[in-house]
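Encoded as structure tokens, the structure appears first; notes follow it.
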Amino acid sequence: MNGIEYNLTPGLEDYLLAVNKLVNEKKTVRLKDISAIIGVTNASATSAISQLVERGFLTHSPYEYIDITPLGVAYAEEISRRRNVITKFFKKFINLKDNEIEKIVCKIEHFLSPFISDFQKTIEFFENNRDCYEKLAQYLNFDQHTTKEETKIEIENPKIIPLTMANKGRYRIKYFSGYRIELRLKQMGILPLDEIEVLSNQSGQVLIAKDTLRIGLGRGAAHHIMIEKI
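Just add 2 to wherever you are in the sequence shown, counting from 1, and you've got my numbering.
The structure is reproduced here in structure tokens:
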């Protein structure tokens, strides 16, 4: 925020984000709305709101609606930006589910804020060096528990498609987006960067071959195998 540190506690940051969210969703915000979204009593919410009013982030008079000031909006957006960067980092490099990541980020974002630029630079490096990321993912055996959009670095590459979209021909496996299918294929000796041949792609299953090995895959499993035409 232009080098300015407002130094709110993590708890007050949560209140500020809650108010900003509610203001964006509806025109009027009452104290009980804040209490409900934070999960506290009206008395606790009153204390926090009063502190934010004193610091110029909110406006609130007794029995009137709560509103957020331009300063409050700017700070709330900065908090959201920091959390988004850390969340993106965790999704790319940490083996956790989305709901677990969300809980952790809310707790640690405040303390990691001085290092946000480091997180961002790391993400950008791997976005610009996809091969490095694929090697890292293979080395760490990332748990691809969600979709590509949620777990992999999002680089627009129309050449990479799920196996379910492949025609007959030779392809290279780029990565697996499902942990179970990854384990299954590794046990069969099929790894990322291996070359395979698609023998048939029917409505029921996809038949592939690697050397002398032939494997029939259901469409659910095949959807998690990302490939590129050779």
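Yeah, the Cβ is synthetic: ideal placement off N, Cα and C, and Gly gets one too.
Check, Outcome
"Assuming Ile1 contacts Lys212 (C-beta within less than 8 Å), just tell me the rounded distance between them.", "One cannot answer for residue 1 here, as it falls past the ends of the chain, which runs 3 to 232."
"Would you kindly work out how many angstroms separate the C-alpha atoms of Ala223 and Phe92, rounded to a whole number?", "25 Å"
"Can you give the Cα-Cα distance for Val25 and Leu195, rounded to whole angstroms?", "49 Å"
"Could you check whether Ile227 and Met190 sit closer than 8 Å to each other, using their CB atoms as the reference points?", "no"
"Could you tell me whether the Cβ atoms of Ile88 and Val31 are closer together than 8 Å?", "no"
"Whose C-alpha, out of Lys90, His62, Leu18 and Phe178, is nearest the C-alpha of Ser119?", "Lys90"
"How would you call Pro192, buried or exposed, if buried means at least 16 neighbouring beta carbons within 10 angstroms?", "Per the sequence shown, residue 192 should be read as Ile rather than Pro. Ile192 comes out buried."
"Reducing DSSP to helix, strand and coil, say where Asn203 ends up.", "strand"
"In whole angstroms, what separates the C-alpha of Lys52 from that of Ser46?", "It should be pointed out that residue 52 corresponds to Ser in this sequence rather than to Lys. Cα to Cα, Ser52 sits roughly 10 Å from Ser46."
"Would DSSP call Gly218 helix, strand or coil?", "strand"
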